[in-house]
Amino acid sequence: MNNVPNLLLAAGASRRMGTPKQLLPWNGKTLIEHQIETLLETDQEVYVVLGAHAERILPVLKPYPVNPIIFDQWSLGMGNTIAFSVAYLIKKQPSLDGILIALIDQPLVDTSHYNALLDAFQKEEQQLIVSVSDQGWEGVPVLFDKYYFPGLLNLKGEQGAKKIIQSTKKSITKRNAGPLLVDMDTPEVYTALYKKFNPQ
């Protein structure tokens, strides 16, 4: 089996949300629990990157067979968070074939889409597999072959995975996510999605 762990990015301070989005209610549990349970239904390990509010979030992770990664310098930005996490994973698992990166604020992405990315992966093919929305937006969740690890390790500041996607000269494999790629960044978006997708 390919060794492509899931890396859930959940280190941000949720400034626009005004409260830790990791702990927002979603489907009878917290958002981070929902995301963890969704990723655990794939056949790959799950790593969860925490930074801001880590001391409040860690106890929520304890019942789950996941691997927390604590990044104390989360305020440096998404790029530094990804670089630190990828370095951690490479050290822990030198035999990695790739990494699937998921975001805490995309609760509509389901296991079937994560599996679509994982199923499309073939070892040693230098693949970059991105999600595509109905509107044609391309990005995370995204699966990087180990070929891209040097680029991920060099990310800094607010440079996220999109920088690698936009700069690659290799062909990109795309998997349609339909209407699932909604980033839940503000209280207004959260409230609208909660009302629509959480049974009352």
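Numbers in this note's numbering are just positions in the sequence shown, counted from 1, shifted up by 28. All C-beta atoms, glycine included, are put in the ideal place defined by N, C-alpha and C.
Check: At least 3 beta-carbon pairs within less than 8 Å: the region 199-217 vs the region 105-118; Outcome: no
Check: Member of 91, 67 and 98 whose CA lies at the smallest distance from the CA of residue 80; Outcome: 98
Check: Stretch pair the region 208-224 + the region 35-47: three plus CB contacts closer than 8 Å; Outcome: yes
Check: Inter-residue spacing [alpha-carbon to alpha-carbon] between residue 131 and residue 122; Outcome: 24 Å
Check: Bridge-paired residues (DSSP) for residue 172; Outcome: 127 and 156
Check: Cα-Cα separation, residue 143 to residue 101; Outcome: 31 Å
Check: Check whether residue 117 and residue 35 have beta carbons under 8 Å apart; Outcome: yes
Check: Between the CA atoms of residue 50 and residue 128 - distance to the nearest angstrom; Outcome: 19 Å
Check: CA nearest to the CA of residue 229, picked from 182, 69, 124 and 181; Outcome: One cannot answer for residue 229 here, as it falls past the ends of the chain, which runs 29 to 228.
Check: Inter-stretch contact (C-beta, 8 Å, three-pair minimum) for the region 69-76 and the region 153-163; Outcome: no
Check: Cβ neighbours of residue 92 in the same chain (closer than 6 Å, five flanking residues each side left out); Outcome: 64
Check: Contact set for residue 190: own chain, Cβ-Cβ below 7 Å, skip 5 residues either direction; Outcome: 167
Check: Where the beta strand (DSSP E) through residue 217 begins and ends; Outcome: No beta strand (DSSP E) holds residue 217; the alpha helix (DSSP H) holding it covers 215-225.
Check: For residue 85, the nearest candidate out of 52, 104 and 184 (CA to CA); Outcome: 52
Check: Assigned exposure category for residue 178 - 16 Cβ within 10 Å defines buried; Outcome: exposed
Check: Environment of residue 115 [buried if 16+ CB atoms lie within 10 Å]; Outcome: exposed
Check: Proximity winner among 136, 105, 96 and 158, relative to residue 203 (alpha-carbon distances); Outcome: 158
Check: Candidates 193, 141 and 150: closest to residue 69 by CA position; Outcome: 141
Check: Boundaries (first-last residue) of the beta strand (DSSP E) holding residue 97; Outcome: 95-98
Check: Three-way DSSP call (helix, strand, coil) for residue 113 in this model; Outcome: helix
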